[in-house]
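Residue numbers (the numbering used here): 711 to 871.
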């Protein structure tokens, strides 16, 4: 049982599911759903269609260069079945999947940090630009008036002597 990849969106195509299109030159295209097949027939580019994995990778939203992604490549070499080898392979696949999940999570966090930093800088610039809206025109005047009154009282006290 082999899980194929959708030609358009790179999603999984399980056995017995999806559509298969075979071109005149015997090139096989598999699609996970009719949405992908219709977009393919309309000659749309998956790298320009926002909901595809190709778009996400091209725009830097998803991890593209990583050694853990090498394990997903399709290999057509026949290997003789051995129970021990099969067991080790399954264990290795689990470990690789775990490592891949951690790396993707770290990549997403690092990508979002940049956005938060930009948001913070924009907020600071907005406050600096419109400080007159936040600060009341007579905000510091009360203290100045008190100091003036005290100064006048002190001056009057000096004049009385």
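Note that the Cβ used here is the ideal one computed from N, Cα and C, for glycine as well.
- Per DSSP, residue 806 lies in no beta strand (DSSP E) segment; the continuous alpha helix (DSSP H) that holds it begins and ends at 793-839.
- Just so you know, the alpha carbons of residue 789 and residue 803 end up roughly 17 Å apart.
- Residue 842 is classed as exposed because its beta carbon has fewer than 16 other beta carbons within 10 Å across all chains shown.
- Here DSSP, grouped into helix, strand and coil, assigns residue 730 to strand.
- By the beta-carbon neighbour count (other beta carbons within 10 angstroms, threshold 16), residue 837 is exposed.
- Straight-line spacing of the CA atoms in residue 828 and residue 741 works out to 39 Å.
- Straight across, the Cα-Cα distance linking residue 813 with residue 728 is about 30 Å.
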